[in-house]
Amino acid sequence: MVVYELKGGKLMRALSTQEVQQKMLDLFREIESFLEHEDIPYVVTGGTALGAVRHGGFIPWDDDMDIAVNRKDYEFFIRHFKPKMNYFSLKSNLDRDWGYAYARVTDDRTIYDMPWVTVDNGVFVDVFPIDKLPDNSGVRNVLYLEMKTLDVFRNAARRTAFKPGEKGKIIKALLSTIAKVFGDAFFARQQDALARFVNRKNKNSNLSGLFVVQGINRQRETHRSSLYIETQKVLFEGTMVNVPGDVQSYLERLYGIDYMRLPELSDRKTHGTFYAKQ
């Protein structure tokens, strides 16, 4: 069934989850083609890895896709990746107004509407840098708090409204007002700078992780470095993709030992709504 919604005074067609997933798959294939041509190893992470193992593809209700490459290759990627399709574009921390500390390849024929915050992209695939992290747990805890604090301010700068009955609304509104003075891109650049510094300082450590998203996943994305290097291939929507080598321990750390079990219907949530541009 085709669904139209009134957004900003315009009647817009909402994309189905299946349409969003097909567009993400098209984006992924273009990214993967570049990585393979440049002999850059990658790994799918988070819900994409879970979907590959549990569903053989996308989690049925999922509307994002995650890829990760090591920091050196990430820097090469954001400088040299040029989409073949003129309606695909790369957004990264090389753009002064980009509000994330990682890259997104996005389909510009679409619009992403996320409740309560501003978003500047359409259907997308995230590309994360894998950074080296200190072996010392105490130092990691301090760094996590620093990254988390930056992420709180970054998100506060993006807030456009608050949920009815949201706890701490007054404090959050004050924080948002302060953060907007600097803008989300300012805090994203601080996150990127912190991650690059930590990666350089700990180049000989045994641990790696998606440090720039620790504000979201806490330290569950911190693993021994070999887990991201010794990958294995798993079928994903008819194509083979790379997942972490010890994918069981990876998914258990992220989602718990019962990661193969489907969540309750009430917990099967998407991040926002995508629309086709008129």
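So the mapping is simple: the numbering used here equals the position in the sequence shown, first residue as 1, plus 1.
We put the beta carbon where it would ideally sit given N, CA and C, even for glycine.
Start-to-end residues for the beta strand (DSSP E) that takes in residue i
i    : result
G48  : From DSSP, G48 is part of no beta strand (DSSP E) but of the alpha helix (DSSP H) over G47 to H56.
S209 : L208 to G210
Buried versus exposed call for residue i [16 or more other C-beta atoms within 10 Å across all chains shown]
i    : result
G139 : exposed
V143 : exposed
G58  : buried
V124 : buried
E37  : exposed
V44  : buried
I179 : exposed
K85  : exposed
A162 : exposed
E151 : The question names Glu, yet the displayed sequence has Leu at residue 151. Counting Cβ neighbours within 10 Å, L151 comes out buried, since at least 16 surround it.
G166 : exposed
Residue i versus residue j - alpha carbon distance
i    : j    : result
N71  : G257 : 25 Å
G169 : L176 : 11 Å
F82  : I171 : 43 Å
F89  : K73  : 23 Å
L208 : F29  : 27 Å
S250 : L12  : 46 Å
D98  : D127 : 17 Å
N243 : A53  : 9 Å
W62  : R269 : 7 Å
R160 : F188 : 14 Å
S227 : D64  : 29 Å
F275 : K204 : 39 Å
G273 : Q220 : 25 Å
Residue i - partner residues in DSSP beta bridges
i    : result
D67  : D127
D114 : T274
N243 : K234
D132 : G210
Helix, strand or coil at residue i according to DSSP, with G and I counted as helix
i    : result
L236 : strand
A102 : coil
D40  : coil
T223 : strand
T178 : helix
D108 : strand
L263 : coil
L95  : coil
D27  : helix
F163 : coil
F59  : coil
K85  : coil
K168 : coil
D268 : helix
N218 : helix
D21  : Note that residue 21 corresponds to Val in the displayed sequence, not to Asp. Three-state result, V21: helix.
Start-to-end residues for the alpha helix (DSSP H) that takes in residue i
i    : result
F78  : R72 to H81
V143 : S138 to R159
K92  : Where K92 is concerned, there is no enclosing alpha helix (DSSP H), although the beta strand (DSSP E) it sits in stretches over F89 to K92.
K202 : D185 to K202
F254 : The residue asked about is misnamed: residue 254 is Arg in this sequence, not Phe. That run of the alpha helix (DSSP H) goes V248 to Y256.
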